[in-house]
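Notes follow once the structure below has been shown.
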Amino acid sequence: AQKVTQAQTEISVVEKEDVTLDCVYETRDTTYYLFWYKQPPSGELVFLIRRNSFDEQNEISGRYSWNFQKSTSSFNFTITASQVVDSAVYFCALSEAATGFQKLVFGTGTRLLVSP
Amino acid sequence: DTEVTQTPKHLVMGMTNKKSLKCEQHMGHRAMYWYKQKAKKPPELMFVYSYEKLSINESVPSRFSPECPNSSLLNLHLHALQPEDSALYLCASSQRPGQGRKNEKLFFGSGTQLSVL
Numbered sequence: 053a054q055k056v057t058q059a060q061t062e063i064s065v066v067e068k069e070d071v072t073l074d075c076v077y078e079t080r081d082t083t084y085y086l087f088w089y090k091q092p093p094s095g096e097l098v099f100l101i102r103r104n105s106f107d108e109q110n111e112i113s114g115r116y117s118w119n120f121q122k123s124t125s126s127f128n129f130t131i132t133a134s135q136v137v138d139s140a141v142y143f144c145a146l147s148e149a150a151t152g153f154q155k156l157v158f159g160t161g162t163r164l165l166v167s168p
Numbered sequence: 004d005t006e007v008t009q010t011p012k013h014l015v016m017g018m019t020n021k022k023s024l025k026c027e028q029h030m031g032h033r034a035m036y037w038y039k040q041k042a043k044k045p046p047e048l049m050f051v052y053s054y055e056k057l058s059i060n061e062s063v064p065s066r067f068s069p070e071c072p073n074s075s076l077l078n079l080h081l082h083a084l085q086p087e088d089s090a091l092y093l094c095a096s097s098q099r100p101g102q103g104r105k106n107e108k109l110f111f112g113s114g115t116q117l118s119v120l
């Protein structure tokens with residue numbers, strides 16, 4: 053069965069600090085996809101990144117970076133020089149070949165509070 | 004246009020009422036999804052429609068009845084709900100069913116906040 057664990061319930065930082073959000077996943081599938089979504093107070097889930105199980109290359113997009121390590125089943129997300137607008141709930145999610153990739157299973161989310 | 008539009012944004016209903024939630028997308032996507040999100044919890048999948056046909060029903064109670072009249076529209080009909088059904092209902096779409104295609108991802112609407120009294 054697939055499972056996503058985000059152990060950090062809430063993180064508070066001051067603007068310009070770097071912050072890392074942890075994500076650990078479980079799956080029996082050899083082919084799967086990992087995602088990060090951001091949910092601001094407005095409620096809409098905003099796609100941030102997708103990573104395929106066969107591609108362990110780390111990625112950087114502006115202030116955001118992701119570290120995917122299959123050996124530890126982790127897909128961590130780092131925000132560099134955080135800003136107040138980064139305040140939101142961040143969800144890590146997983147979809148598997150076993151469900152035709154139609155089912156996206158979310159972790160419990162990490163609430164990030166960035167204060168000025 | 005990369006939007007998924009949900010109406011209404013807020014809905015209050017009694018346990019004997021019948022109401023419907025609506026979702027619309029004009030991105031040519033052929034898969035649409037309903038998720039339920041309780042307060043301070045992650046979204047949970049309810050239904051998936053692939054090419055206007057129901058492909059996944061996550062054992063959702065029959066008081067929730069989905070409908071996909073065409074590839075752009077998705078409805079969720081509500082009847083005889085319970086107070087514990089109060090939640091944020093999120094609609095999403097993707098270009099094709101499943102996310103096996105390169106760069107496939109879900110586009111979410113901002114949801115309907117439902118309160119059942």
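Which chain is which? The protein sequence lines are A and B, in order.
Residues 53 to 168, numbered by the working numbering, are exactly what the first sequence covers, in order.
Residues 4 to 120, numbered by the working numbering, are exactly what the second sequence covers, in order.
Glycine is no exception: its CB is placed at the ideal position from the N, C-alpha and C atoms.
Bear in mind the structure is a predicted one, so any value in this text is a computation, not a measurement.
Asked: In terms of alpha-carbon separation, which member of B/Lys56, B/Met16, B/Val63, B/Met35 lies closest to B/Gln9?; Found: B/Met35
Asked: DSSP on B/Pro46, reduced to helix/strand/coil?; Found: coil
Asked: If the criterion is Cβ atoms closer than 8 Å, does the pair A/Val65 and A/Val166 meet it?; Found: yes
Asked: Listed in chain order, which residues of the stretch 81 to 115 of chain B have Cβ atoms closer than 8 Å to some Cβ of chain A?; Found: Leu91, Leu93, Ala95, Pro100, Gly101, Gln102, Gly103, Asn106, Glu107, Lys108, Leu109, Phe110, Phe111, Gly112, Ser113, Gly114
Asked: Let's see if you can read the secondary structure: which residues bound the beta strand (DSSP E) around B/Asn20?; Found: Note, B/Asn20: premise wrong, no beta strand (DSSP E); not H, not E.
Asked: So that I know if they touch, is there some Cβ in chain B lying closer than 8 Å to that of A/Gln60?; Found: no
Asked: Pull up the DSSP beta-bridge partners for A/Lys155, would you.; Found: Bridge partners of A/Lys155: none, in fact.
Asked: Where are the beta strand (DSSP E) runs, 3 residues long or more, that stay fully inside the stretch 85 to 115 of chain B, in chain order?; Found: 90 to 97
Asked: Going along the chain, which residues of the stretch 46 to 59 of chain B sit with their C-beta nearer than 9 Å to a C-beta in chain A?; Found: Pro46, Glu47, Leu48, Val51, Ser53, Ser58, Ile59
Asked: Going by beta-carbon coordinates alone, are A/Phe87 and B/Lys44 separated by less than 8 Å?; Found: no
Asked: Give me whichever residues DSSP pairs with B/Leu76 in a beta bridge.; Found: B/Glu27, B/Asn73
Asked: On the three-pair Cβ rule with 8 Å, is the stretch 45 to 55 of chain B touching the stretch 148 to 164 of chain A?; Found: yes
Asked: Indicate whether at least one CB of chain C lies closer than 8 Å to the CB of A/Glu78.; Found: Among the chains of the structure shown, chain C does not appear; the protein chains present are A and B.
Asked: Within this structure, are the beta carbons of A/Gly161 and A/Val141 separated by less than 8 Å?; Found: yes
Asked: With 16 as the cutoff for other CB atoms within 10 Å, does A/Thr79 come out buried or exposed?; Found: buried
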